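One structure is given here, and the rest of the page talks about it.
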Amino acid sequence: MKLFLPFLFLFVACSQGESARPIHFTDITAGSGLHMKLTNGEDPPQMLLEVKGNGVALIDFDRDGDSDVFVPNGATLRRPGRGPGSRLFENEGGMRFRDITQQAGIDLKNWAYGVAMGDVNADGFDDLLVTCYGQNAILLNNGRGQFDNATARSGIRGRSWSTGCSFGDIDNDGDLDLYVANYAVLKASETPPPTANFLGATVMKGPMGLPAVPDVLYENQGDGTFRDISEESGIHRVAPSYGLGAVILDFDGDHIPDIFVGNDSEASFLFKGLGDGTFEEIGLASGVALSGGGAGQATMGIAVGDVDSNGLPDLFTTNFMFDTNTLHMNLGMGLFEDQTTKYGLDLDGRPYLSWATSFFDFDHDSDEDLIFFNGHIYPEETCSARDWAYRQPPVLYERTEGRFERQSPQNAGLWLAEEHSDRSAAFGDLDADGDIDLVVCERNGPVRLLRNDRDGGNWLKVQINDTRPGHDRHGYGSRIKIIANGKSQFRWITSGVSFLAASEPMAHFGLGSYSGPVTIVVTLPDGREIRTVSSCCVLKQIAIY
Amino acid sequence: MMFKNAAWSAALPGFLNVLKAGPTFEGAEFAFYYYGCCSMRLGKAEIARESLLAHLELNPNHPETFLALGQLSVKNGQSSEAISFLEKAKNQALPNNTLFQAQVLLCLGEAWLQGEDLKKAKEALELSLAKNPQHSETHYTLFRVLTRLGDVKGAERERVAFEKLQ
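Going down the list, the sequences are from chains A and B. Anchor point for the first sequence: position 379 equals 1337 in my numbering, and the numbering is continuous, going up by one each time. Anchor point for the second sequence: position 97 equals 141 in my numbering, and the numbering is continuous, going up by one each time.
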């Protein structure tokens, strides 16, 4: 069934350019106004609470067309409920930002970890869900430049330790439901902090041996308040694990949303949506729960892309040092296959402990590249004694024929040689020049702003603006297909990918030197399809009605 | 000791010292093998390959080195090269070393799977399990192959076997 455009607006923009050149970014944090030092425990860290870092969200809270930056901030073991506070930076254009936390009424001092962005009460303005050690928080955007902490009346519970979270419409009623991944029971006040042995080193304990906390699935009641449906939906039929991230998406193409959950050190979950509001966990049978060798992995970061252009979402997950990051290719019919080695992604990741990750066509050559950010969790002294790198550089791959090729700092810029304790990253076109820029969060370090210096290559951005009453305007869970120059490309509007982060809710495509018409096919989560043709490759934004 | 404890980065300097000193004791050439294995675990593909090939120059019939080169090729996505090394490892393996043979066959199965020859992958993995039936990774890999082949019953059998061994 076709759904025509009174219900939806597609904003499409495209620019003309030269053929694509190598990927290059520049760190432009200095002078950008995006200045913030994060607090994630103390050094050396003694507990897992101190090593996960915090996320970052891109949110156009004032609907002026550009993405602003919200940064959840952590705290310390001594005062776990009273950190320096999360902050909001307004994008003033030209890669300049201004701290407007106070002006926006944001007063969130909880030890914050993850963040999801979406319009939960369908009032046209994007809100924030922040996961915390302790009470999770929901910040409702009142549309007048301010956020109200609506946690108390929201139905959002959680007094343990929540990490990743994802918005999505699990019941196809148009509004945003929510999955919250929970980690483990850990008391910040426990002295001495529990320890374990890792390759002969005494290190902080966990997650194995710590009690896991069940995740929670919330149904949006249509007004931005939520109801815990974990029991009735079947989410709680599985033994709890150490959740770090979640993505709500239709993985098997049956137009019913599923939920992928990355668990630390144990099998990931894949909850298959059954269409009646319930889910069945099929991770192991689907092949996505474990590595190809049958091992549970740390599964910190999650990237969704379409590596083989078959129109089905593949999953790339990031893992612990000496393990591989893993590419699970989606074969269809709910089956995944670990093809990490085939695509050249095994060996490069082994020295690193990896976190945020994403597929994006950074160089606009019509295929998705891949990036992940790294940094060790054990104290610097422990790492040094064993010749493990504590601070680690990011790893960037350019997609080439059939493989991913690691890029060098000589080509991609000095930022790629710099070693950090990175954790999270959000992705979006912050300077509205058509390419994907990055905001990166380093544990107990600064927020960094990396500008994409793309030089050439046409592009296309597709953003859904669903104005139907009571609907999620971004169309989370939608698949965007374009056909350009005889080639199909697929993207998904996702929440929960990267690590603890929220990137711009749009589909971005590189077109190389192609400047002809582009056919766009949007498939909404419920299977309804919208087709349009864009006479793109001009520097303008087109609203389609 | 560090190699056995999977402390690969810490083990590297020791092997390097042996290599720098030259053949001062019997078996010193094995430092090339261990240096190559550590480098592979640390993601250093080129160094691993060079070290392992250097060991083969000195010890051309060492089946473990052929296996390591096969594993390295699989990790690099080079299935044809992997199969060539692994066939040599299989041929050089001692007849009574069934666990090693099973390990080689598992890696062969992975290489055939990577090269999309599912029937040969199945064959190698079934042979591997005949030699080492309690190896959970082999059951899991066979589960993957049978799933791809559409053998629902067989895949389920292997998945159950894998889970039992966890």
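We put the beta carbon where it would ideally sit given N, CA and C, even for glycine. Values in this document were obtained by computation on a predicted structure and should not be read as measured data.
Consider the Cβ of residue i: report whether some Cβ of chain A lies at a distance smaller than 7 Å.
i: B:Q158; result: yes
i: B:E170; result: no
i: B:S95; result: no
i: B:F110; result: no
i: B:G87; result: yes
i: B:G80; result: no
i: B:A213; result: Because chain B in this structure spans residues 45 to 210, residue 213 of chain B falls outside the shown range and cannot be described.
i: B:G121; result: yes
i: B:F206; result: yes
i: B:K180; result: The question names Lys, but residue 180 of chain B in the sequence shown is Ser. True, the Cβ-Cβ gap to chain A drops below 7 Å.
i: B:V118; result: yes
i: B:S128; result: no
i: B:S83; result: no
i: B:N53; result: Per the sequence presented here, residue 53 of chain B reads as Ser, with Asn not at that position. It does; some Cβ of chain A falls within 7 Å.
i: B:A75; result: no
With respect to the beta strand (DSSP E) encompassing residue i, which residues constitute its N-terminal and C-terminal limits?
i: B:R85; result: Not the beta strand (DSSP E): B:R85 falls in the alpha helix (DSSP H), residues F74 to R85.
i: A:R1406; result: V1405 to N1410
i: A:G1441; result: Correcting the residue identity first, residue 1441 of chain A is Ile in this sequence and not Gly. Here the beta strand (DSSP E) through A:I1441 covers R1437 to A1442.
i: A:T1315; result: S1312 to F1318
i: A:E1376; result: Here A:E1376 belongs to no beta strand (DSSP E), and DSSP marks it neither H nor E.
i: A:K1230; result: F1227 to G1231
Return no unless some Cβ of chain B is closer than 7 Å to the Cβ of residue i.
i: A:K1230; result: no
i: A:D1306; result: yes
i: A:P1309; result: yes
i: A:T1299; result: yes
i: A:H1302; result: It should be noted that the sequence gives Gly, not His, for residue 1302 of chain A. Chain B, which has a Cβ nearer than 7 Å to the Cβ of A:G1302, makes this yes.
If I follow the unbroken alpha helix (DSSP H) through residue i, where does it start and stop?
i: B:K197; result: V196 to L209
i: A:S1342; result: E1338 to A1343
i: A:I1064; result: Neither: A:I1064 is in no alpha helix (DSSP H) and is coded neither H nor E.
i: A:I1058; result: Counting along the chain, A:I1058 falls outside any alpha helix (DSSP H), and DSSP gives it neither H nor E.
i: A:Q1421; result: Note, A:Q1421: premise wrong, no alpha helix (DSSP H); beta strand (DSSP E) at N1416 to D1424.
i: B:A65; result: W52 to A65
i: B:A155; result: T142 to Q158
i: B:T109; result: P107 to K119
Is the beta carbon of residue i less than 7 Å from the beta carbon of residue j?
i: A:N1031; j: A:A1070; result: yes
i: A:L1285; j: A:S1244; result: no
i: A:D1026; j: A:E1048; result: yes
i: B:F206; j: B:S180; result: yes
i: A:L1354; j: A:A1370; result: yes
i: A:P994; j: A:R1045; result: The sequence given here places Met at residue 994 of chain A; Pro does not occur at that position. Yes. Within cutoff.
i: A:S1382; j: A:G1013; result: yes
i: A:D1281; j: A:G1250; result: no
i: A:A1062; j: A:F1105; result: yes
i: A:F1362; j: A:Y1310; result: no
i: A:V1009; j: A:I1335; result: yes
i: B:A137; j: B:A155; result: no
i: A:P1271; j: A:N1283; result: no
i: A:D1411; j: A:T984; result: yes
i: B:K88; j: B:F110; result: no
i: A:S1461; j: A:A1384; result: yes
i: A:R1409; j: A:D1395; result: yes
i: A:L1202; j: A:A1225; result: no
i: B:L157; j: B:A168; result: no
i: A:R1349; j: A:D1306; result: no
i: A:V1161; j: A:A1170; result: no
i: A:D1084; j: A:I1017; result: yes
Applying a beta-carbon distance threshold of less than 7 Å, which residues of chain E neighbour residue i?
i: A:L1035; result: Looking at the structure shown, chain E is missing, and the protein chains on hand are A and B.
Are at least three pairs of beta-carbons, each pair with one atom in the stretch 1249-1258 of chain A and one in the stretch 1428-1439 of chain A, less than 8 Å apart?
No, because fewer than three Cβ pairs between the stretch 1249-1258 of chain A and the stretch 1428-1439 of chain A fall closer than 8 Å, the two stretches do not touch.
Using 8 Å as the cut-off, can you tell me whether the stretch 996-1006 of chain A makes contact with the stretch 1385-1392 of chain A, which would need three or more C-beta pairs spanning the two stretches below that distance?
With a cut-off of 8 Å on Cβ pairs, the stretch 996-1006 of chain A is not in contact with the stretch 1385-1392 of chain A, counting fewer than three such pairs.
Listed from N- to C-terminal order along the chain, which residues in the stretch 1333-1357 of chain A have their beta-carbon within a distance smaller than 8 Å of any beta-carbon of chain B?
Within the stretch 1333-1357 of chain A, the qualifying residues are R1344, D1345 and W1346.
Whether or not the stretch 1130-1140 of chain A and the stretch 1171-1186 of chain A are in contact is what I'm after, with contact meaning three or more pairs of Cβ atoms, one per stretch, closer than 8 Å; do they touch?
Inter-segment contact for the stretch 1171-1186 of chain A and the stretch 1130-1140 of chain A is present: three or more beta-carbon pairs are separated by less than 8 Å.
Listed in chain order, which residues of the stretch 1133-1163 of chain A have Cβ atoms closer than 8 Å to some Cβ of chain B?
Within the stretch 1133-1163 of chain A, the residues whose Cβ lies closer than 8 Å to any Cβ of chain B are, in chain order, L1157 and G1158.
What are the residues of the stretch 1238-1252 of chain A that lie near chain B, defined by any Cβ-Cβ distance shorter than 8 Å?
If the cut-off is 8 Å between Cβ atoms, the stretch 1238-1252 of chain A has L1242, A1243, G1245, L1248, G1250, G1251 and G1252 near chain B.
Do the stretch 1189-1205 of chain A and the stretch 1234-1252 of chain A meet, that is, are 3 or more Cβ pairs less than 8 Å apart?
Short answer: they touch.
Is the number of C-beta pairs between the stretch 1465-1477 of chain A and the stretch 1443-1456 of chain A that are closer than 8 Å three or more?
Counting Cβ pairs under 8 Å, three or more are found: they touch.
Between the stretch 184-200 of chain B and chain A, which residues of the former have a C-beta closer than 9 Å to a C-beta of the latter?
Against chain A - using a Cβ distance shorter than 9 Å - the residues of the stretch 184-200 of chain B are Y184, T185, F187, R188, T191, R192, A199 and E200.
When you compare the stretch 1468-1484 of chain A with the stretch 1414-1429 of chain A, are there three or more beta-carbon pairs, one atom per stretch, that lie closer than 8 Å?
Touching, yes, given that three or more Cβ pairs across the two stretches are closer than 8 Å.
Would you list, in chain order, the members of the stretch 976-1008 of chain A that have their beta-carbon closer than 7 Å to a beta-carbon of chain B?
So the list is empty, because no residue satisfies the distance condition.
Are there three or more Cβ pairs, one per stretch, closer than 8 Å when the stretch 1145-1156 of chain A is compared with the stretch 1074-1088 of chain A?
By the Cβ rule, the stretch 1145-1156 of chain A does not count as touching the stretch 1074-1088 of chain A, because fewer than three pairs are nearer than 8 Å.
Given a limit of 7 Å on CB to CB distance, which residues of the stretch 1271-1282 of chain A reach chain B?
Answer in chain order: F1280.
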